[in-house]
Structures are given as structure tokens and as C-alpha cells.
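Student:
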Amino acid sequence: MPTEPITRRVAFIFPIFNEEENIDLLHKTVDEVTAPLAGKYAFSFIYVDDGSRDGSLAKLTALSARDERVTVVELSRNFGHQMAVTAGLDLVDADAAIIMDSDMQDPPRVALELIEKWEEGFDVVYAQRRSRQDSAFKKITAGAFYWFLRKMAAVDIPKNTGDFRLIDRKVVDELRKYRERDRFLRGLVSYIGFKQTAVLFDRDKRHAGVTGYPLRKMLRFAADGILGFSVTPLRMITRLGYLISFLSFVGILYVGGVKVFAPETAVPGWAFLGVAMFFLGGIQIIMLGVLGSYIGRTYSQVQNRPLYGVASVRTGGAGEPDRAREGADAGSGNR
17 MPTEPITRRV
27 AFIFPIFNEE
37 ENIDLLHKTV
47 DEVTAPLAGK
57 YAFSFIYVDD
67 GSRDGSLAKL
77 TALSARDERV
87 TVVELSRNFG
97 HQMAVTAGLD
107 LVDADAAIIM
117 DSDMQDPPRV
127 ALELIEKWEE
137 GFDVVYAQRR
147 SRQDSAFKKI
157 TAGAFYWFLR
167 KMAAVDIPKN
177 TGDFRLIDRK
187 VVDELRKYRE
197 RDRFLRGLVS
207 YIGFKQTAVL
217 FDRDKRHAGV
227 TGYPLRKMLR
237 FAADGILGFS
247 VTPLRMITRL
257 GYLISFLSFV
267 GILYVGGVKV
277 FAPETAVPGW
287 AFLGVAMFFL
297 GGIQIIMLGV
307 LGSYIGRTYS
317 QVQNRPLYGV
327 ASVRTGGAGE
337 PDRAREGADA
347 GSGNR
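Going by our numbering, the residue at position 214 of the sequence shown is 230; the numbering climbs one at a time, nothing skipped.
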């Protein structure tokens with residue numbers, strides 16, 4: 017029986033940052049998982065090295081020399097996970113792209129379920145975590161973040177989802193139009209729309225290495241998600257101002273009432289005044305901080321700098337980097 021002709025191309029995008037111990041297992045596992053569908057789909061693999069400091073780039077270079085389906089994008093420095101994924105999306109040329117982390121916490125076998133839903137007609141298929149093998153602190157903070165985000169964001173961003181998802185070519189093309197610097201890709205994908213659905217999965221443990229998202233980066237990433245898709249913090253400043261003004265007015269009435277109706281009970285002192293001053297000062301600093309966050313994002317955006325820098329692009333089977341592709345972000349980073 018003749019094999020079914022290849023009709024569609026599917027590209028995997030892997031952001032890499034100090035994942036030397038995971039690369040070989042990752043590629044081997046994804047290759048084995050996708051092998052049964054090799055007659056129906058043309059699979060390719062884009063690895064974006066985000067300024068790794070270990071031997072990740074050397075491993076990727078050797079991998080691209082062995083497998084002609086592999087493309088290695090070397091960024092000029094570490095730009096962050098979201099920028100690495102963006103670089104892969106800017107480069108990809110396929111009917112669908114699957115974004116997957118490289119630490120083996122996103123099981124490659126789930127990619128087959130994403131493809132099945134895509135074949136049913138969905139443009140975005142996101143992997144939604146049914147369970148996760150993380151620390152109690154990570155689970156609690158993640159749950160609090162998604163609850164807070166759903167309450168404040170102007171778009172519906174599904175909870176317990178990361179960047180592990182399949183997106184159709186037309187969604188990729190639309191996503192390329194959005195060039196904000198403080199990127200929250202899962203929010204952008206929800207904002208764009210199209211037909212979206214979820215595939216539930218159980219997230220595995222990290223195979224090796226350490227997370228690229230310590231607490232400091234997690235907090236910044238959470239701020240990108242909230243500030244990028246909600247102006248509620250600005251509205252809250254106004255509401256808090258109204259509340260403090262109301263409490264101050266009540267305090268004036270109370271002091272005036274004591275002076276008129278019960279002057280003998282009035283106790284001289286500055287404790288209440290001092291506490292009130294420190295309280296209002298703290299509130300004002302918080303308000304300035306929120307305003308500064310929005311102003312800082314605006315400042316970064318109007319500079320109109322490229323989102324990332326590309327040092328080289330190595331195509332599968334080539335021993336040397338494709339220098340003609342260097343600085344590719346000059347054409348794509350500012351679109």
C-alpha cells in the first residue's frame with residue numbers, strides 16, 4: 017500500500033538556556049514520538065540558544081550536523097525565554113508551530129494530541145496542566161498568579177497553561193505583528209483570538225539542570241502578564257485615593273465632633289498624626305511605583321529597538337553557521 021503523501025509541515029520550537037544535560041534526550045524523545053507520523057507530516061526542529069553559558073551551543077551544533085531537520089538560532093546574548101520563543105516564531109516556516117520547553121517537563125508525547133486537535137480545525141491548541149510535580153511554593157504562587165490574572169486581565173487567559181502549545185500558521189503570522197518588548201506570549205495568543213481549545217496533561221519533573229525562572233524572574237514575568245493586559249492597577253490607584261479621602265473626611269468629622277461636644281476627652285499628642293503621615297506616604301510611593309511601571313514600559317517601547325539580536329543561524333547538515341542569516345532580527349525585530 018503506498019504511503020500517504022506529506023501534506024503539512026510542523027515545526028517544534030525549543031528555547032534553550034543552559035540545557036546541556038537535556039538536549040540529547042529531548043531530541044531523541046521528540047524524534048521517537050513523531051516517527052509514526054513521519055509519512056504524513058514533515059517535522060522540523062528549531063532550537064534557539066538564548067546565550068547559554070554551558071555547552072548547550074556545542075551540543076546543538078553537533079545535533080544540527082547530524083540531523084538536517086534541525087536549525088539552531090544563536091542569539092547574541094541572553095534575552096529571556098519569551099524573546100527566544102519570539103525568535104523561533106519569527107524564523108519558522110511551517111503550517112503549524114509547537115512551542116515546548118526543553119527541560120522535559122512538557123512531555124513530548126502530548127504534542128501528538130495537540131496535532132490531533134489541530135486536525136479537527138482548531139487554530140490554537142494549548143496544553144493545560146492537570147497536575148504538576150513542582151514544589152508546594154511553586155504550586156501556591158502559580159495558583160495565586162493565575163487567579164489574580166483572571167480577575168484583572170482584559171482578556172481571558174486560561175489558567176494552568178504555559179507556552180506549551182500548537183499554533184497554526186495564520187496565528188503565527190498574526191502574532192508576528194505584535195512587537196511589544198515586555199512580552200507575555202500566552203496572553204498575546206489569547207488576545208489574538210481564533211479557534212482555541214485545551215488538551216489536559218500531567219506535567220513531569222525537570223530532567224536535569226535548574227530552572228531558568230527564579231523568584232525574581234517569576235515576579236517580573238507576572239508583572240508583564242498583569243501590566244500588559246490590564247489597566248486595573250491604574251484604576252485601583254484612583255479608587256484607593258477616593259477611599260483615603262473618605263477616611264480623611266471621616267477623621268476630620270471625628271476630630272471636630274470631639275472638640276465641640278467633648279473637649280475634655282481630647283488627648284494632645286502626635287502619634288495619630290505621625291502614623292497617618294507614614295501611611296499616606298507609603299500609599300503615595302506605591303502609586304508612584306505603579307505609574308512608573310507603566311511609564312517604563314512605554315519608554316522601552318518607544319525606543320523601538322530590535323527585540324533580540326542573532327549571532328548566527330545553523331541549518332541542518334551544515335558544519336558552519338549561515339552567516340547570511342546573521343542579524344536577521346534587523347528585518348523581523350521591529351515589524
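Note that the Cβ used here is the ideal one computed from N, Cα and C, for glycine as well.
Quantities reported herein were computed from a predicted structural model and do not represent experimental measurements.
Let me know the secondary structure DSSP gives Ile-2 once reduced to three states.
Tutor: For residue 2 there is no data in the structure shown, the boundaries of the chain being 17 and 351.
Student: Can you tell me which of Gly-104, Ala-143, Tyr-63 puts its alpha carbon nearest to the alpha carbon of Ala-78?
Tutor: Among Gly-104, Ala-143, Tyr-63, the Cα nearest to that of Ala-78 is on Tyr-63.
Student: Which residue marks the beginning of the beta strand (DSSP E) containing Ser-80, and which one marks its end?
Tutor: That residue, Ser-80, is in no beta strand (DSSP E); its alpha helix (DSSP H) goes 72-82.
Student: Extract the residue ranges of the alpha helix (DSSP H) inside the region 170-215, only unbroken runs of 4 or more that lie entirely within it.
Tutor: For the region 170-215, whole alpha helix (DSSP H) runs of length 4 or above, ordered along the chain, are 185-191, 201-208.
Student: Thinking just about the alpha-carbon of each residue, which of Phe-138, Val-46, Gln-300, Leu-73 is nearest to the one in Ser-328?
Tutor: Out of Phe-138, Val-46, Gln-300, Leu-73, Leu-73 has the C-alpha closest to the C-alpha of Ser-328.
Student: Excluding sequence positions up to five away, which residues of its chain have a Cβ less than 6 Å from the Cβ of Ala-113?
Tutor: Once the five neighbours on either side are set aside, the close Cβ partners of Ala-113 are Ala-27, Ile-29, Ile-183, Val-188.
Student: Consult DSSP for Asn-34 and reduce its assignment to one of helix, strand or coil.
Tutor: Here Asn-34 sits in coil by DSSP.
Student: Compare the Cα-Cα distances from Gln-98 to each of Phe-33, Arg-24, Asp-47, Thr-45 and report the closest residue.
Tutor: The shortest Cα separation from Gln-98 among Phe-33, Arg-24, Asp-47, Thr-45 belongs to Phe-33.
Student: Can you give me the C-alpha to C-alpha distance between Gly-332 and Ser-60, rounded to a whole angstrom?
Tutor: Taking the straight line joining both Cα atoms gives about 10 Å.
Student: Give every residue of the same chain whose Cβ lies closer than 7 Å to the Cβ of Ala-214, excluding the five residues on either side of it in the sequence, and list them in chain order.
Tutor: Closer than 7 Å at the Cβ level, and outside the excluded window around Ala-214, lie Tyr-142, Gln-144, Pro-174.
Student: Can you give me the C-alpha to C-alpha distance between Gly-67 and Ser-92, rounded to a whole angstrom?
Tutor: Computed Cα separation, rounded: 7 Å.
Student: Whose C-beta lies closer than 6 Å to the C-beta of Val-86 among residues of the same chain, with five residues either side of it excluded?
Tutor: Cβ within range, chain order: Phe-61, Leu-79, Ser-80, Gly-332.
Student: Could you tell me whether the Cβ atoms of Val-101 and Leu-201 are closer together than 8 Å?
Tutor: Cβ distance < 8 Å, so Val-101 and Leu-201 count as in contact.
Student: Buried or exposed for Asp-109, please, with buried defined as at least 16 other CB atoms from any protein chain shown within 10 angstroms of its CB.
Tutor: Result: exposed.
Student: Measuring only from the beta carbon, is Ser-72 closer than 7 Å to any heavy atom that is part of the ligand NAD?
Tutor: The ligand NAD is absent from the structure shown, which contains no ligands of any kind.
Student: By the 10 Å Cβ neighbour count, where 16 or more other Cβ atoms means buried, how is Thr-314 classified, buried or exposed?
Tutor: The residue in question, Thr-314, is exposed, as its Cβ has fewer than 16 Cβ neighbours within 10 Å.
Student: Could you please give the first and the last residue of the uninterrupted alpha helix (DSSP H) stretch that includes Thr-102?
Tutor: First-last of the alpha helix (DSSP H) with Thr-102: 97-107.
Student: Whole angstroms is fine: what's the gap from Val-306's alpha carbon to Ala-51's?
Tutor: In a straight line, the C-alpha of Val-306 is about 50 Å away from that of Ala-51.
Student: Got a sec? Which residues, its chain only, sit under 6 Å from Tyr-57 by beta carbon, not counting five neighbours each side?
Tutor: The answer, listed in chain order, is Arg-24, Val-26.
Student: Along the beta strand (DSSP E) that carries Thr-87, what are the first and last residues, could you check?
Tutor: It spans 86-91 - the beta strand (DSSP E) in which Thr-87 sits, taken as one unbroken run.
Student: For Leu-107 versus Val-89, is the C-beta spacing smaller than 8 Å?
Tutor: Closer than 8 Å, so yes.
Student: Specify the secondary structure class of Ala-51 as computed by DSSP and reduced to three states.
Tutor: In the structure shown, Ala-51 sits in a helix (DSSP, three-state: H, G or I).
Student: Tyr-142 by DSSP, collapsed to three states: which one?
Tutor: Strand.
Student: Please classify Arg-321: is it buried, with 16 or more other beta-carbons within 10 angstroms of its beta-carbon, or exposed?
Tutor: With fewer than 16 Cβ atoms within 10 Å of its Cβ, Arg-321 is classed as exposed.
Student: On a Cα-Cα basis, can you pick out the residue from Asp-218, Val-326, Arg-192 that is closest to Ile-208?
Tutor: Checking every option, the nearest Cα to that of Ile-208 belongs to Arg-192.
Student: Spatial neighbours of Glu-36 within its chain, please: C-beta separation below 7 Å, excluding the five flanking residues on both sides.
Tutor: Closer than 7 Å at the Cβ level, and outside the excluded window around Glu-36, lie Asp-70, Gly-71, Ser-72, Lys-75.
Student: Are there 16 or more other CB atoms within 10 angstroms of the CB of Gly-311, so buried, or fewer, so exposed?
Tutor: One detail in the question is off: residue 311 reads as Ile in this sequence, not Gly. So Ile-311 counts as exposed.
Student: Is Trp-286 buried or exposed, if buried means 16 or more other CB atoms sit within 10 Å of its CB?
Tutor: At Trp-286, the pLDDT of 48 sits below 50, so the modelled position is not reliable and the matter cannot be decided from this model.
Student: So the beta strand (DSSP E) Ser-328 belongs to, where does it begin and stop?
Tutor: First-last of the beta strand (DSSP E) with Ser-328: 326-330.
Student: State the Cα-Cα distance for the pair Gly-297 and Gly-308, rounded to the nearest angstrom.
Tutor: Approximately 16 Å, taken between the alpha carbons.
Student: Mapping the DSSP letters down to three states, classify Val-26 as helix, strand or coil.
Tutor: Strand, per DSSP.
Student: Return the residue from the list Val-46, Ile-302, Glu-196 that minimises the CA-CA distance to Tyr-324.
Tutor: It is Glu-196.
Student: Would you report the Cα separation of Lys-211 and Val-140, rounded to the nearest angstrom?
Tutor: Those two C-alpha atoms are separated by around 6 Å.
Student: Please check the pair Phe-217 and Pro-124, which I expect to be a contact at CB under 8 Å, by giving their CB distance rounded to whole angstroms.
Tutor: Going by Cβ atoms, the distance from Phe-217 to Pro-124 rounds to 11 Å, so no, they are not a contact pair.
Student: Applying the criterion that 16 or more other CB atoms from any shown protein chain within 10 Å of the CB defines a buried residue, is Gln-300 buried or exposed?
Tutor: So Gln-300 ends up on the exposed side.
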